[in-house]
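Per UniProt numbering, the sequence shown runs over residues 1 to 400. Every residue, glycine too, gets a C-beta built ideally from N, C-alpha and C. Here the structure is a predicted model, which is why all the values come from computation and not from measurement. Before any comments, here is the structure.
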Amino acid sequence: MILPLGYLFTLTRDVRKLTALLLIVGLSWGVNGHALANTQQVEVSQEIWGQYQGQDILRFTLENQQGMQVSVTNWGAYVTSMIVPDRNGTLEDVVLGYDSADAYVQDCCYNGATVGRYANRIAGGRFNIDGKPVQLSVKTDGGNKGNHLHGGDQGFNKKLWHAEQVGERVEMRYLSVDGEEGYPGNVQIKVIFSLNSDNEFKIRFSATSDKKTPINLISHIYFNLTGNQKRDIEQHQLRIAADRIVEVKAGLLPTGNLIPVTGTPFDLTSSVTLHKSLTTANEQLKLAGGLDKTYGGFDHTWVFNQYDGKLRHQGQLYDPDSGRVLDILTTQPGVQVYTGNYMNGSAIGKQGRRMKNRHGIALETQHFADSVNHANFPSTVLAPGATYTEFTLYRFGSRQ
């Protein structure tokens, strides 16, 4: 029996659920009682993980037929775990994070968070739109004092998102109201998390606004391909398809110049062991500060050689010990690489492991910091009637 689509919406909610269930059962058994092959590639489960101000914090887990699992939560639209195989098929978690929902509520390091409205820094929290000045919230202490960072102290990582399973993916939505952290416009945000049978995890961001506003959304995931944070990331090898980086000055604010990487520790055009790059004297490295007072670290944006808004392969991270390989494809114009320079071990992560300097590497595909104040950077201003859309795909594999 084929039901008209409109008929389903005339039924009560409970009857619609039953009808949908019967349709699924019917489809799974095929025609005349002959069973069809199960084409489901990814299973999605959901649990109540905690509470925030009387509302449920949910955790969703996507699992494919190879055993890869990715968990996400509607608190801050965080990615909380990625369990992937090594060269021997051993499944281990390759991202930093915490064991409980409460720990994510208290998180200080954006461990897997969705960051917005504007990731990275905006100088003084100030910019003009159509000649009118805008003042955002700014940091009151620390190395980013006086500047706007990652959408403000109450950015998207500190919000409870509306979340639901839609087929084999998880969709999360958040309404950022006019004036939130100083930003103009009511902005509707949607994040879609999906996993496929090829061990590819995809994040899709989209947004619309009723006023012109800057937007730069990222997923701030710290990777450690050793698995379960067994070692630091200094022996990881990184390659990025970029001949230039965004030059920074004090406070890691862009100067506006895009400088060549040739002959510097930022030259990752072929795979380089991170330890080699991070122990090379260089003024740009030292500006990133952190616990390594001799060399500094990475907290810079690489400018991709090819950028046209299409999904392109732009980088690869490899751990020789485990054999795990992470390929990164994105529609974004650059990637901010951060080596956890300020992680001092005070944050206690999964299974009681302390998160220290170089225990994770964030590969934040994004537009450039402070783009609203640099006309030569790709625009980050979203206008009414337009839709902001960006994709990043993380493809996991292994080498023998």
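Residue i vs residue j beta-carbon contact at 8 Å
i	j	result
residue 223	residue 57	no
residue 137	residue 125	yes
residue 261	residue 239	no
residue 193	residue 169	yes
residue 227	residue 105	no
residue 42	residue 74	no
residue 332	residue 366	yes
residue 147	residue 139	yes
residue 117	residue 183	yes
residue 298	residue 334	no
residue 341	residue 289	yes
residue 190	residue 206	yes
residue 60	residue 72	yes
residue 318	residue 271	yes
residue 77	residue 201	no
residue 154	residue 175	no
residue 236	residue 274	yes
residue 287	residue 329	no
residue 52	residue 160	yes
Close beta carbons around residue i, own chain, < 6 Å, minus the five adjacent residues each side
i	result
residue 356	343 and 345
residue 150	115 and 119
residue 24	Any answer about residue 24 is weak, because its pLDDT of 37 lies below 50 and its placement is not dependable; what the coordinates show is given next. Taken in chain order, the list of residues that qualify is empty.
residue 210	185, 186 and 384
residue 255	247 and 249
residue 339	297, 298, 358 and 361
residue 92	227 and 228
residue 268	238, 239 and 240
residue 70	62, 82, 195 and 201
residue 316	239 and 327
residue 178	185 and 186
Cβ neighbour criterion (16 or more within 10 Å) applied to residue i
i	result
residue 394	buried
residue 396	buried
residue 48	exposed
residue 101	buried
residue 216	buried
residue 380	buried
residue 225	buried
residue 384	exposed
residue 133	exposed
residue 369	buried
residue 450	Outside the displayed span of the chain (1 to 400) sits residue 450, for which this structure offers no information.
residue 128	exposed
residue 166	exposed
residue 198	exposed
residue 45	exposed
residue 300	buried
residue 27	For residue 27, the predicted structure reports a pLDDT of 35, less than 50, and the residue's modelled location is therefore unreliable. The matter cannot be settled from this model.
residue 163	buried
residue 337	buried
Residue i - containing beta strand (DSSP E), residue span
i	result
residue 85	78-85
residue 359	From DSSP, residue 359 is part of no beta strand (DSSP E); its letter is neither H nor E.
residue 391	388-398
residue 324	324-330
residue 312	312-318
residue 56	55-64
residue 49	42-52
residue 338	334-338
residue 345	344-348
residue 187	187-195
residue 181	Where residue 181 is concerned, there is no enclosing beta strand (DSSP E), given that its DSSP letter is neither H nor E.
residue 70	69-73
residue 301	299-303
residue 91	91-93
Sequence-distant residues of the same chain with beta carbon closer than 7 Å to residue i, five excluded per side
i	result
residue 348	354
residue 152	136, 137 and 181
residue 398	85, 86, 87, 323, 324 and 325
residue 390	205, 217, 331 and 332
residue 259	244, 245 and 247
residue 97	80, 81, 111, 112, 349 and 350
residue 282	264 and 265
residue 310	331
Residue-level contact to chain B via CB, residue i, 8 Å cutoff
i	result
residue 258	The structure shown contains no chain B; it is built from a single protein chain.
Residues near residue i in its chain [Cβ-Cβ closer than 8 Å; skip 5 each side]
i	result
residue 130	212
residue 108	347
residue 400	87 and 323
residue 66	85, 197 and 199
Residue i beta carbon near the ligand FMN (any heavy atom closer than 7 Å)
i	result
residue 109	The ligand FMN is not part of this structure, which contains no ligands at all.
- prompt: In the region 98-170, which residue ranges form an unbroken alpha helix (DSSP H) of at least 4 residues, counting only runs that do not cross its ends?
  reply: Listed in chain order, the alpha helix (DSSP H) elements of length 4 or more contained wholly in the region 98-170 are 101-105.
field: Those runs of the beta strand (DSSP E) which lie wholly inside the region 207-284 and span at least 3 residues
entry: 218-220, 237-240, 244-248 and 254-260
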